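Down below is the structure, laid out as structure tokens.
There are 2 protein chains.
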Amino acid sequence: MKTLLPEPLTQQSFAPFGDVLETGRLDHPTYAINDGFTQRYHGLSTVQAEGEAVLLSIFETRSFGLPLRIKMLERHPLGSQSFIPIGTTALSGFYVVVARGQNEPDPRSLRAFEVAPGQGINFAAGVWHHPNIVRSGTQQFLVVDRADPASNLEEFFFPENWEAVELQV
Amino acid sequence: MKTLLPEPLTQQSFAPFGDVLETGRLDHPTYAINDGFTQRYHGLSTVQAEGEAVLLSIFETRSFGLPLRIKMLERHPLGSQSFIPIGTTALSGFYVVVARGQNEPDPRSLRAFEVAPGQGINFAAGVWHHPNIVRSGTQQFLVVDRADPASNLEEFFFPENWEAVELQV
Chain A
110 MKTLLPEPLT QQSFAPFGDV LETGRLDHPT YAINDGFTQR YHGLSTVQAE GEAVLLSIFE
170 TRSFGLPLRI KMLERHPLGS QSFIPIGTTA LSGFYVVVAR GQNEPDPRSL RAFEVAPGQG
230 INFAAGVWHH PNIVRSGTQQ FLVVDRADPA SNLEEFFFPE NWEAVELQV
Chain B
110 MKTLLPEPLT QQSFAPFGDV LETGRLDHPT YAINDGFTQR YHGLSTVQAE GEAVLLSIFE
170 TRSFGLPLRI KMLERHPLGS QSFIPIGTTA LSGFYVVVAR GQNEPDPRSL RAFEVAPGQG
230 INFAAGVWHH PNIVRSGTQQ FLVVDRADPA SNLEEFFFPE NWEAVELQV
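Below is the structure:
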């Protein structure tokens, strides 16, 4: 059994997989609008949707339990997908697990990130990722993604005889 | 001086101006994904961007103070704009003020809504609205809107000799 430990989430570390949504980033423009009453942290990420409509949805996700054996990953080849904690669970934080790989995820490339309170993420199109990993209970996320999600989903289940990988936090 | 009082925000009452982002709505599909660990409240709203890119940004807005005299409204003719409270202020609630009108807002049509904790909103393209009205301090919002906001902004300042309208909460 191989152990996967979460790394801190920064724009630099997460860049191969997407973008971090937070006000703390220093790599993008920010400017005042509304007569100075609003600071706009502009264009933290761009939605990818390949010409399809972009939807605003809410995901309510319950914990798989931790530690978590990583049995599968999924990806959305035609669009990005963002997760921003909202509501009473906005400050709970969560974990994401990602991997590189063209036709299937390369298990040697698995990485985990801890999404801290106040952060959100946007997975780039085609990035292999585990369904959202909530610490405990349930958590709500605002999700921005491409319409027609059913046609935009690929799942990969790691074969039973491969070395197991477990997320420990 | 005319007084404007906020109404409760429901999908039905807000429909002429956009959509309410919340899990409590009963007028849209919701279904389980991720092996039953996630409930997807699907397509609560659709982003309008007229062929331009869609951006994820964060607005950090401070209060104008309350009660608030409504001196101007703005609209984005080419795209929708969503506001979902995030971070430490996710449960603060806020107020929106909207109006109908083609070339300019009709002051007789002004309405205010109280966006309760756990709710967000998506203004439809072209809807006259006041910049976000925060109760006190500062509040952070995830904003989903069209790229190139400068070309997508119209502002209307109510003439001084018109009857003043004040939002009271």
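So the protein lines, in turn, are chains A and B.
Going from the first sequence to the numbering used here is simple: count from 1 and add 109.
Going from the second sequence to the numbering used here is simple: count from 1 and add 109.
Glycine included, every Cβ here is placed at the ideal spot set by N, Cα and C.
Being a predicted model, the structure only gives us computed values, none of them experimental.
List the endpoints of the continuous beta strand (DSSP E) containing serine 166 of chain B.
163-171
What are the residues that DSSP puts in a beta bridge with asparagine 231 of chain A?
A/Asp128, A/Ser191
Starting from the C-beta of arginine 209 of chain B, find all residues in its chain whose C-beta is less than 6 Å away, skip the five residues before and the five after it, and write them out in chain order.
Asp215, Ser218
Identify the contact partners of leucine 165 of chain A in chain B, using a Cβ-Cβ distance below 7 Å as the criterion.
Leu130, Leu153, Ser154, Val156, Ser191, Asn231, Val253
Quick check on threonine 170 of chain B - is its C-beta less than 7 Å from some C-beta in chain A?
yes
In this structure, does DSSP put alanine 221 of chain B in helix, strand or coil?
strand
Indicate the three-state DSSP secondary structure (helix, strand or coil) for glycine 210 of chain B in the structure shown.
coil
Between which residues of its own chain and glutamine 148 of chain A is the CB-CB distance below 7 Å, once the five residues before and five after are set aside?
Thr139, Ala141
In chain A, what lies closer than 9 Å to threonine 197 of chain B by C-beta?
Ala199, Leu200, Pro226, Gly227
Is the beta carbon of leucine 165 of chain A less than 7 Å from the beta carbon of leucine 135 of chain B?
no
So alanine 221 of chain B packs on leucine 276 of chain B, CB below 8 Å; how close in whole Å?
5 Å
Measure the beta-carbon distance from asparagine 231 of chain A to leucine 130 of chain A and round it to whole angstroms, keeping in mind my assumption that it falls under 8 Å.
6 Å
Beta-carbon neighbours of alanine 221 of chain B, restricted to chain A and to distances below 8 Å:
Chain A residues near alanine 221 of chain B: none, gap ~17 Å exceeds 8 Å.
Pick from A/Phe265, A/Ser189, A/Glu213, A/Glu169 that is closest to proline 258 of chain A, judged by C-alpha positions:
A/Ser189
Does asparagine 143 of chain A come within less than 7 Å of chain B when only Cβ atoms are used?
yes
Would asparagine 212 of chain B be called buried (16 or more neighbouring beta carbons within 10 Å of its own) or exposed?
exposed
Cβ-based burial, threonine 170 of chain B [other Cβ within 10 Å; buried from 16]
buried
Which residue wins for smallest C-alpha separation from methionine 186 of chain B, given the options B/Ser260, B/Glu269, B/Phe266?
According to the sequence shown, residue 186 of chain B is proline rather than methionine. Looking at the Cα atoms, B/Ser260 is the closest of the given residues.
Within chain A, the residues that arginine 149 of chain B reaches when beta carbons sit closer than 7 Å:
Ser166, Phe168
Out of A/Gln248, A/Arg184, A/Glu161, state which residue places its alpha-carbon closest to the alpha-carbon of phenylalanine 203 of chain A.
A/Gln248
For a contact meaning CB atoms closer than 7 Å, what does proline 240 of chain A contact in chain B?
Asn143, Phe146, Thr147
Using 7 Å as the threshold, is the C-beta distance between serine 172 of chain B and valine 253 of chain B below it?
no
Beta-carbon proximity of glutamate 161 of chain A to alanine 225 of chain A, cut-off 7 Å:
no
Check each candidate in A/His239, A/Gly174, A/Phe250, A/Phe265 and name the one with the smallest Cα separation from glycine 227 of chain A.
A/Phe250
Does the separation of the CB atoms of glutamine 157 of chain B and alanine 234 of chain B fall below 7 Å?
yes
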